[in-house]
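Contents: one structure, followed by commentary.
In the working numbering, the protein residues as written are 1176 to 1259.
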């Protein structure tokens, strides 16, 4: 049986959970604990649009911070403690 979580983005209490964190970091663990599979898949599609529309260049160290900010906003995750 697949695990279920209460998703902070869509509000579903019985949403299917991710099978593993989407990245190897504290952020990936946070996403897996609080965001359902459906919302994560929506983010993957939106992520491409954000990168293209903002013309993010990942040779620039600030690009990852910009993308993470958009990810947190899209998925309704709180900003990290150091940014508060």
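Note that CB positions come from ideal geometry on N, CA and C, so glycine has one too. Since we're looking at a predicted model, the values are computed, not measured.
What do you reckon, are the CB atoms on residue i and residue j nearer than 8 Å?
{"i": "residue 1183", "j": "residue 1209", "result": "yes"}
{"i": "residue 1211", "j": "residue 1187", "result": "yes"}
How many angstroms separate the CA atom of residue i from the CA atom of residue j?
{"i": "residue 1233", "j": "residue 1193", "result": "26 Å"}
{"i": "residue 1198", "j": "residue 1207", "result": "9 Å"}
{"i": "residue 1239", "j": "residue 1189", "result": "31 Å"}
{"i": "residue 1204", "j": "residue 1195", "result": "8 Å"}
Along the chain, where does the alpha helix (DSSP H) that runs through residue i open and close?
{"i": "residue 1213", "result": "1212-1229"}
{"i": "residue 1204", "result": "1201-1209"}
{"i": "residue 1183", "result": "Where residue 1183 is concerned, there is no enclosing alpha helix (DSSP H), given that its DSSP letter is neither H nor E."}
{"i": "residue 1196", "result": "Residue 1196 -> no alpha helix (DSSP H), and no H or E assigned at all."}
When you compare each of the options to residue i by their alpha carbons, which one comes out closest?
{"i": "residue 1215", "options": "1235, 1191, 1241, 1236", "result": "1191"}
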